[in-house]
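Since the structure comes first, as structure tokens, the remarks are kept for the end.
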Amino acid sequence: MRNIFGKNLKYLRERKGLEQAELAQLLGRKSGSSVSEWEKGTYEPKSGLLADISKIFNVSLHDLMDKDLTIPSNLVHISPNTIRIPILGIIACGDPILAEDNIKGYRYESPDDLPSGTLYYLEAKGNSMEPTIPDGSHVLIREQPEVEYGEIAAVLVNGNTEATLKRVRKQGKMIMLMPDNPAHEPFIITEDNPARIIGKAVEVKYKL
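If you use the numbering used here, the sequence shown corresponds to residues 553 to 760, in order.
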């Protein structure tokens, strides 16, 4: 006896808002007892009734009998070779906001598409790095304490309590955090206004 059919039947019936007696009536049965037995897996209806059931619920006979319809169809199978990359809080791409250290979620990536090193994603907020980094995009960060001139870095500012995402440029002893959006002012790092690089931005992912 196939338990999957009974499970599917109950799921489809309840999703459609039908009582067992109502479904039985649609199938020309006198009472809901037959439907109850089908759902329990005691026995299955004959082929003609199976075809009628598939029409009522607009599913194929194959799916009705062999596929677990209670599992959402939008679930994505994760390959055993996939790497889980944490998404850490929100990083400001405008006025710096408080950095959140807790993990907000994960992205699943193929290791073939990733650089080496300790990686994590940060969610960008604001438009100071547009068009390079749109508001709301996920920025892949490789943890490292330094970046080259002109590269984009995740930087802790204001006593390591806030984070921002900017291009790093140096002029003598002065370090500037430069926005890509000319409407925003650069952030100047000095002894009185210190900052610490926590990683290099290596990739940006966003939805169209």
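A virtual CB, placed ideally from N, CA and C, is assigned to each residue, including glycine.
Own chain, CB closer than 7 Å to residue i, minus 5 neighbours either side, in chain order
i, result
"L601", "L579"
"E698", "I749"
"I637", "Y658, R659, E661, L671, Y672 and Y673"
"S668", "none"
Span of the alpha helix (DSSP H) around residue i
i, result
"R581", "R581 -> no alpha helix (DSSP H), and no H or E assigned at all."
"M617", "L613 to D618"
"K562", "N555 to K568"
"L705", "Checking the sequence shown, residue 705 turns out to be Ala, not Leu. It is not in any alpha helix (DSSP H) - A705 instead sits in the beta strand (DSSP E) that spans I704 to V709."
Whole-angstrom distance between residue j and residue i, CA atom to CA atom
i, j, result
"R567", "L575", "12 Å"
"E591", "R581", "15 Å"
"R659", "I639", "7 Å"
"G593", "I556", "8 Å"
"Q572", "Y595", "16 Å"
"N679", "M726", "25 Å"
"N733", "Y672", "24 Å"
"V709", "A735", "21 Å"
"Y701", "P663", "28 Å"
"N633", "D665", "12 Å"
"P738", "I635", "36 Å"
"K677", "D615", "44 Å"
"E743", "I623", "57 Å"
"E682", "G724", "27 Å"
Close Cβ partners of residue i (< 6 Å) along its chain, the five nearest in sequence each way excluded
i, result
"P686", "Y758"
"F609", "L564"
"A747", "V707, V709 and I741"
"V756", "I685, S689 and V691"
"V587", "Q572, L575 and A576"
Sequence-distant residues of its chain with Cβ nearer than 8 Å to residue i (five each side left out)
i, result
"A753", "I685, V691, L692, I693, E703, I704, A705, A706 and L717"
"E589", "Y595"
"K722", "Y701 and M728"
The beta strand (DSSP E) enclosing residue i, as first and last residue numbers
i, result
"A715", "E714 to Q723"
"I749", "A747 to K757"
"E661", "I655 to E661"
"A676", "L671 to K677"
"I605", "Per DSSP, I605 belongs to no beta strand (DSSP E); it is in the alpha helix (DSSP H), S599 to I608."
"V691", "H690 to R694"
"L621", "L621 -> no beta strand (DSSP E), and no H or E assigned at all."
Rounded distance between the beta-carbons of residue j and residue i, thought under 8 Å
i, j, result
"I740", "M728", "6 Å"
"L561", "I605", "7 Å"
"D618", "K559", "Actually they do not touch by this definition, with Cβ atoms about 12 Å apart."
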